[in-house]
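Heads up: the sequence lines are chains Y, G and P, in that order.
Mapping to my numbering: the first sequence position 452 is 457, numbers consecutive.
Mapping to my numbering: the second sequence position 116 is 518, numbers consecutive.
Mapping to my numbering: the third sequence position 153 is 154, numbers consecutive.
In what follows, a single structure is set out as structure tokens and then discussed.
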Amino acid sequence: MRLELKQITKKFGDFTANDKIDLVAEAGQIHCLLGENGAGKSTLMNVLYGLYQADGGEILLDGQVQNFSGPGDAMAAGIGMVHQHFMLVPVFTVAENVILGHEPTKALGFLDIQAARERVREISSRFGFDIDPDAIVGDLSVGVQQRVEIIKALLGDAKVLIFDEPTAVLTPQETDELMGIMRQLRDEGKSIVFITHKLREVREVADKITVIRLGKVVGEASPTDSSEHLASMMVGREVDLSVHKNPANLGEASFKVNNLTAFNSAGSKVLDDVSFEIQKGEIFVIAGVQGNGQTELAEAILGIQERVTGSITLEGKELLGKSVKKVLDSGVGFVPEDRTEDGLVADFTIAENLMLDRSDRPPFARGVQLQLKKLHQFAEEKLKQFDIRAQSIFSKAKQLSGGNQQKVVLARELSRDLKVLVASQPTRGLDVGSIEFVHEQIVAARDGGIPVLIVATELDEATQLGDRVAVMYKGKIVGIVSPDTPREELGKLMAGVTK
Amino acid sequence: MKQSKKTPIALALLTFLTVLIAPAVAGDEIEIQIATKTDLFPIPNLVFAAQGFVIFLAVLMLVLAVWSFYLTFSKNQKTPLIATVVFGIAFVASVLVWLFAGATMTLTTLLAGSLALAVPLIFGSMSGALSERVGIINIAIEGQLLAGAFTSAVVASITDSVILGIIAAMLAGVLVAALLAVFSIKYLVDQIITGVVVNVLIIGLTSFLFSTLLADNITVLNQPPRFERISIPVLGQIPIIGPVLFNQTLIVYLMYVAVIGVFLALFKTRWGLRVRSVGEYPKASDTVGIKVFRTRYISVMIGGALAGLGGSFFTLGQVGAFGKEMTNGAGYIALAALIFGRWNPIYAALAALLFGFAQNLQYAVQIVGSPLPSEFLLMLPYVLTVIAVAGLVGKVRGPAAAGKPYIKS
Amino acid sequence: MNQQKLIREIFSGNAVIPIFAVLASFIFGGILIAFANEEVQEASGYFFARPMDTITAVLNSVFGAYDALFRGSIFNYQAATPQAMIKPITETLAFATPITLAGLGLAVGFRSGLFNIGGQGQIIFGAMFAGYVGLSFEAPFLIHMPMAVLAGLIGGALWGGLVGLLKATTGANEVVVTIMFNYIALLLLTYLLKTPVFQAPNQVNPISSPVAESSRLPGILGDGFRLHFGLIIMLAMVFVVWWLLYRSSIGFQFRALGFNPNAARTAGVNIPLTYVLVMAVSGALAGLAGASQVLGADKQLTVGISATFGIDAITVALLGRNNPFGVLAAGILFGGLRSGAVLMQANQGVPVDIVLVVQSTIVLFIAAPPLVRALFRLPKPKAVQA
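And the structure:
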């Protein structure tokens, strides 16, 4: 089926997310939609899928103008979508999730769950998936959940399939397998729209590329174009994708993690005998696919992970078992992986967010009385120093862009007297400009002579930023290697292959 | 994985309590009357030595508690449900013996009365189930019951028809539910706030109309006909079961249908799957073309109809006239039953039965003059619910999206 | 800015919503009053013959009722003595005292993300503790009265704090727990009022003796008025709560918890402890309301000591947008409704229950600005970026 978008425009208030976008995807083609975070890719696909109503333009399928008032219409017209955040009900079984919305029924609207099971098995076998239709989705790994999403999209006999940033949660191997599935679908004659910001994937799988920036199409590109060319199209200027840093000036190993083991509330091991040391002036990167214990490691250091044994020492002092407050007070700077969820109070002003972890002590409080004047002075300073783009220090955090939010978090953490900096996925979801800024700040912290621990899920970031790279798999550190280790080898480690 | 230590500890505590009760059991004997006049065949009254019986039960409970400890700590196994159930029955029995020692306990009256008292609670908890399973927290059960009670009294009085009375009650329940739904779905007002405020509104409205309209025209507006007892042939004559379950009023039979119907609808039909998906993850439902808002409105309003129906029990079943604030917190107990029953219609109905039993026991105990102050029996539903939400009897988890408005961008 | 634009700005802003919400509720209340009025009913029987009769009857009933409401709550221009003229406003303040105190408590909870529906139970606990101190011994006024008030505060704090403790240790949902705790508290009070702990000697009813003279909150304007020292406590608490929430580091952490518990935790706020603290503070304020009732207003402990103040407090906190001064204003408004309704019932035969209707519709309207805008055809505010 030939999909054509003509002059699609979508506005949110004064903000134009999609500005007259044209796009054509032919049957039997993989069409890549390439753009930075925030360029408007997902918005466009949500318009196509009927989740948003466009403010202008039209959608054509095989030349016919479509009018989608909801996803139901889009699905009926033959469009399927594999969502970035899986649209699966965790407490339902695979079969229940897959049939949701077009359930096979017996008399009186009673569910025919047997028919549902069969459909799951049938599609599974076509793609060589091994999925139990009665498994509870919440118990499955993210890789398997994505396959459930794919089955779900295919069940409605979709002719156009949209993959929205599908590789963020996958290992390099799983990513390769997904590419294989996409090719298989293409060869069956489907039109595939693949949304991503990862140049490597685009060049590997795309038949055709459309690049969008700030809500506008900036041009078409060919998969044979160089990464540099694609990157400059995407960002709008020449970009240097490498991180600049001088050779490390290493000091003593002041941050040590020994035999750290942790269990989650369901009783399964999430950290398995993790040990490493970081020297002063070193960036130590934990790489690996999301969900392999990195979050738990960071939370264990901060002191909010329960059921942990082992030891975490900073300059010889034990951190494990201390409260979050004590951990922060002993000189741990912490940048959480989800800044809106854990890093900021969205309804607080920038100023209030800047004192979030020090509200009970000088200079911000005398006794329990807040010293607002001092806070406002401090906030003005930081606003300049970190180039936080906001109307004033009284702007609420939720009014800021992702990049500026992350700057507020960094400003807060870096203005304390740090002995170690721990940052989880510090550039997640940021635009290239902000990524560069965050990387500079992290390198500056390292050159200031403290150990730095970074959790990274993107392999490129891990190898560029790190002085050493540790790979985590299923709660274990499966290898600590130099950043110039070949990509294939790192990929194997990320999949748990240790030779 | 380690087994939770909560079960054996709870069993041990209750056993200890029973051991404490045993010496306090006064009176020599307890007589339990089982037979009723209509039984197919007669069963003689049971007579036990009161103290001896409690001691027997205490020993049984001790054995079960020890076994539970053994399973948990040595074998790392779960205590089987049947053991917990037997234990529970033994505990309740020992409390009953303590309360009724030296008197006659009419089992069928006690149970049938409990069932009757549970009727509005069960209807209310069905409303809660339909509402919360679709993602709308329903604090307004109280208002739905009260509106149903008021409307059924007025309409049944005017028309002299019980059937029209309950139809009107259902409509009133739907209206209250619609109010809850509109404010929480359309205007995105916090669902708990809406529920609380809607209750206040309904209390105010019914009380106002009661004082102005009903008080002056009692014979016309507030003297409804009442449900009549309908005995089902044969079934109604089986000892114990018959008089308790099958010699009841229309509304009780409707209640059986409601519980089974809500259960089947929620868990076995396409509609129920969609309802539950909306209550767990509305965005996911939206992306497969399910109309989230419509599903929410419909489910909440069907719930309202059931609660309204349950409300008619107060006027057409129990009292025979409407009185100010006559539901007296039953809606909150229904909510408690829903949570205690983990949002499952069957379990919620069983929990409501337990709460009805506690309420009825309170009346029975007042008659025989028992050692336990009635307030403590009345507290039972509330205390049990606190225990349930505090997770002392296993994990309680409601629908994931309950309480959160769905905002379409 | 030209005038038209200015007017548009004013009417599209959120500031006018409360005014129109109150207006809409009074209109709704008026409809009910007219509907239930006997003259209106009679006149409407021959509406098509003489429609003016019906309209006159409607206007008479509504204006009569609202005139009585005004005279009963603010200023009684028909009264004989100046003292009697100003008495209504003092009655309003007397009603506003417990409602505002408890409302402040709930506002602290709401601000901190804790839905404390348990005002009713916390008032009862405050009243029981204060009542116990007031009943069980005599002491010099300067010792006894503060002690009794403090006991009320502690009683509420304990009952509220227990909810916080349950939430902190087991994750129990505070909405459910506080609802259940309201009933448990009431049943406990009912039970204790039948035992020698509280029951007055030679009494069959569940009622206590009057509390000791030395423990009472003294009257403010003398014998003719119900106004008592509780009002001063209430006004002081408005400032205390404002300072706590907006000028202290404790309140900063409360609010951080309320907006985003995860971020608060990551920033080192001790979440379990803060849950307990918030609920204790919240309960303490409700407890003060209970103390004020038992030591100042009723002067003895009864089953109805908490009236519906705990429920009113929820609506007051919401109407006041959880801001201490807003809560005070809302408390006075609802106190006025309560006080005026008494005269409205006595003079015009309009049952006091109308207050509940007006009160709840105000809150519903305020919570749904689009509805109020639609009702009065107010312009929409400028769209803000999502």
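Beta carbons are placed, not taken as given, at the ideal position from N, Cα and C, and that holds for glycine.
No experiment lies behind these values; they were computed from the predicted model shown.
Inset, instruction - Check whether the Cβ of G/Tyr-765 lies closer than 8 Å to any Cβ atom in chain P. - result: The count along the second sequence starts at 1 and reaches residue 765 of chain G at position 363. With a threshold of 8 Å between beta carbons, G/Tyr-765 makes no contact with chain P.
Inset, instruction - Can you give me the Cβ contacts of P/Ala-81 inside the same chain, cut-off strictly under 7 Å, excluding the 5 residues immediately before and after it? - result: Locating residue 81 of chain P in the third sequence gives position 80, counting from the first residue. Result list for P/Ala-81: empty, nothing under 7 Å.
Legend entry - Pairwise C-alpha distance: G/Thr-729 and P/Ile-56: Residue numbering aside, residue 56 of chain P sits at position 55 when the third sequence is read from its first letter. Residue numbering aside, residue 729 of chain G sits at position 327 when the second sequence is read from its first letter. Here the alpha carbon of P/Ile-56 sits roughly 37 Å from the alpha carbon of G/Thr-729.
Inset, instruction - Give me the Cβ distance between Y/Phe-91 and G/Ser-679, rounded to the nearest whole Å; I'm assuming they're in contact under 8 Å. - result: One-based indexing of the first sequence puts residue 91 of chain Y at position 86. One-based indexing of the second sequence puts residue 679 of chain G at position 277. The C-beta distance from Y/Phe-91 to G/Ser-679 rounds to 13 Å, too long to fall under 8 Å, and the pair is not in contact.
Inset, instruction - Give the DSSP-derived three-state secondary structure of Y/Asp-452 in the structure shown. - result: Against the first sequence, residue 452 of chain Y aligns to sequence position 447. Y/Asp-452 falls in the helix class under three-state DSSP.
Inset, instruction - Just the chain G side, please: which residues come within less than 7 Å of Y/Glu-101 by C-beta, in chain order? - result: Against the first sequence, residue 101 of chain Y aligns to sequence position 96. For the C-beta of Y/Glu-101, the chain G residues within less than 7 Å are, from N- to C-terminus, Leu-675.
Legend entry - Under 8 Å (Cβ pairs) to chain G, residues found in the segment 266-288 of chain P: Cβ contacts with chain G: none found.
Legend entry - Nearest to Y/Asp-436 (by Cα), restricted to the options Y/Gly-286, Y/Ser-237 and Y/Gly-326: Stepping through the first sequence from its first residue, residue 436 of chain Y is reached at position 431. Nearest option by C-alpha distance: Y/Ser-237.
Legend entry - the segment 567-585 of chain G touching the segment 549-556 of chain G, judged by at least three CB pairs closer than 8 Å: At 8 Å Cβ cutoff, the stretches touch.
Inset, instruction - Could you spell out where the alpha helix (DSSP H) holding Y/Arg-126 opens and where it closes? - result: One-based indexing of the first sequence puts residue 126 of chain Y at position 121. Note, Y/Arg-126: alpha helix (DSSP H), 118-132.
Legend entry - P/Gly-252 to P/Ala-169 span [Cα, whole Å]: Taking the first residue of the third sequence as 1, we reach residue 252 of chain P at position 251. Taking the first residue of the third sequence as 1, we reach residue 169 of chain P at position 168. Cα-Cα distance, rounded: 18 Å.
Legend entry - 8 Å Cβ cutoff, G/Ile-700 in contact with chain P: Taking the first residue of the second sequence as 1, we reach residue 700 of chain G at position 298. No, no contact with chain P.
Inset, instruction - Compute every distance between the C-beta of Y/Arg-7 and the non-hydrogen atoms of the ligand MN, then say whether any falls below 7 Å. - result: In the structure on display, the ligand MN does not appear, and there are no ligands present to speak of.
Inset, instruction - Using a Cβ cut-off of 8 Å (strictly closer), state whether G/Phe-610 contacts chain P. - result: To locate residue 610 of chain G, count along the second sequence from 1; it is residue 208. Yes, contact with chain P.
Inset, instruction - Output the boundary residues of the beta strand (DSSP E) element that contains P/Tyr-67. - result: Position 66 of the third sequence holds residue 67 of chain P. Where P/Tyr-67 is concerned, there is no enclosing beta strand (DSSP E), although the alpha helix (DSSP H) it sits in stretches over 52-74.
Inset, instruction - Give, in chain order, every residue of the segment 239-250 of chain P whose Cβ lies closer than 7 Å to some Cβ of chain Y. - result: Cβ contacts with chain Y: Arg-248, Ser-249 and Ser-250.
Legend entry - the segment 489-508 of chain G in contact with the segment 625-632 of chain G per 3-pair CB rule at 8 Å: Contact fails between the segment 489-508 of chain G and the segment 625-632 of chain G, because fewer than three Cβ pairs, one in each stretch, are under 8 Å apart.
Legend entry - Chain-ordered chain P contacts of G/Ser-613 [CB-CB under 8 Å]: On the second sequence, residue 613 of chain G is found 211 positions in, with the first residue counted as 1. Those within 8 Å of G/Ser-613 in chain P are Pro-352 and Asp-354.
Inset, instruction - Note down, in chain order, each residue of its chain lying with its Cβ closer than 6 Å to the Cβ of Y/Thr-318, except the 5 sequence neighbours on either side. - result: Taking the first residue of the first sequence as 1, we reach residue 318 of chain Y at position 313. Lys-261.
Inset, instruction - Can you give me the start and stop residues for the beta strand (DSSP E) that Y/Lys-263 sits inside? - result: For the purposes of this step, residue 263 of chain Y is taken as residue 258 along the first sequence, with counting starting at 1. It should be noted that the sequence gives Asn, not Lys, for residue 263 of chain Y. Per DSSP, Y/Asn-263 is one residue of the beta strand (DSSP E) stretching across 258-268.
Inset, instruction - Compare the C-beta of Y/Glu-170 with all C-beta atoms of chain G and state if any pair is closer than 8 Å. - result: Taking the first sequence and counting its residues from 1, the one referred to as residue 170 of chain Y is at position 165. Using a CB distance cut-off of 8 Å, Y/Glu-170 does not count as an interface residue toward chain G.
Inset, instruction - Would you verify that the beta carbon of G/Met-403 is, or is not, closer than 8 Å to some beta carbon of chain Y? - result: Working through the second sequence from its first residue, we reach residue 403 of chain G at position 1. With a pLDDT of 43 at G/Met-403, under the threshold of 50, the modelled position of this residue cannot be trusted, and the question is left open.
Inset, instruction - Compare the beta carbon distance of Y/Val-350 and Y/Ala-402 with 8 Å and say whether it is the shorter of the two. - result: Taking the first sequence and counting its residues from 1, the one referred to as residue 350 of chain Y is at position 345. Taking the first sequence and counting its residues from 1, the one referred to as residue 402 of chain Y is at position 397. Yes.
Inset, instruction - Quick one: using the 10 Å Cβ neighbour count with 16 as the cut-off for buried, is G/Ala-760 buried or exposed? - result: Locating residue 760 of chain G in the second sequence gives position 358, where the first residue counts as 1. Burial call: buried.
Legend entry - Collapsed DSSP secondary structure at Y/Lys-389 in the structure displayed: Residue numbering aside, residue 389 of chain Y sits at position 384 when the first sequence is read from its first letter. In the structure shown, Y/Lys-389 sits in a helix (DSSP, three-state: H, G or I).
Legend entry - Bounding residues of the alpha helix (DSSP H) (the contiguous stretch that carries G/Ile-423): The residue labelled residue 423 of chain G in the question sits at position 21 within the second sequence. G/Ile-423 -> alpha helix (DSSP H) spans 408-426.
Legend entry - P/Ser-361: contacting residues in chain G (beta-carbon distance under 7 Å): As a position in the third sequence, residue 361 of chain P is number 360, starting the count at 1. Near P/Ser-361 (Cβ distances below 7 Å), the residues of chain G are Val-599, Val-602, Leu-603 and Gly-606.
Inset, instruction - Determine whether the Cβ of P/Asn-401 lies closer than 8 Å to any Cβ atom of chain Y. - result: Within the shown structure, residues of chain P are numbered from 2 to 387, placing residue 401 of chain P beyond reach of any answer.
Legend entry - Residue burial classification, Y/Pro-138 (beta-carbon count within 10 angstroms, cutoff 16): As a working mapping, residue 138 of chain Y is identified with position 133 in the first sequence. Buried, since its Cβ has 16 or more Cβ neighbours within 10 Å.
Inset, instruction - Compare the beta carbon distance of Y/Leu-190 and Y/Leu-166 with 8 Å and say whether it is the shorter of the two. - result: As a position in the first sequence, residue 190 of chain Y is number 185, starting the count at 1. As a position in the first sequence, residue 166 of chain Y is number 161, starting the count at 1. Taking 8 Å as the Cβ cut-off, Y/Leu-190 and Y/Leu-166 qualify as a contacting pair.
Inset, instruction - Would you decide whether Y/Ser-397 is buried or exposed? Buried here means 16 or more other CB atoms lie within 10 Å of its CB. - result: Indexing the first sequence from 1 puts residue 397 of chain Y at position 392. So Y/Ser-397 ends up on the exposed side.
Legend entry - Straight-line gap, G/Ser-613 to Y/Lys-111 (C-alpha atoms, nearest Å): Indexing the second sequence from 1 puts residue 613 of chain G at position 211. Indexing the first sequence from 1 puts residue 111 of chain Y at position 106. Rounded to whole angstroms, G/Ser-613 to Y/Lys-111 spans 52 Å at the Cα level.
Legend entry - Counted within 10 angstroms of its Cβ, other Cβ atoms place P/Met-53 as buried (16 or more) or exposed: Looking up residue 53 of chain P in the third sequence gives position 52. By the 10 Å Cβ count, P/Met-53 comes out exposed.
Inset, instruction - Residues of the segment 74-99 of chain Y with a CB closer than 9 Å to any CB of chain G: list them in chain order, please. - result: Result list: Gly-75, Pro-76, Gly-77, Asp-78, Ala-79, Met-80, Ala-81, Met-86, His-88, His-90, Phe-91, Met-92, Leu-93, Val-94, Pro-95, Val-96 and Phe-97.
Inset, instruction - Would you be able to state if there are at least three C-beta pairs under 8 Å between the segment 8-21 of chain Y and the segment 52-65 of chain Y? - result: Touching, yes, given that three or more Cβ pairs across the two stretches are closer than 8 Å.
Inset, instruction - Below 8 Å on the Cβ atoms is my guess for P/Ser-216 versus P/Met-146; work out the distance and round it to an integer in Å. - result: As a first step, residue 216 of chain P must be located in the third sequence, where it is residue number 215. As a first step, residue 146 of chain P must be located in the third sequence, where it is residue number 145. Contact between P/Ser-216 and P/Met-146 holds, since their C-beta atoms are separated by about 6 Å, short of 8 Å.
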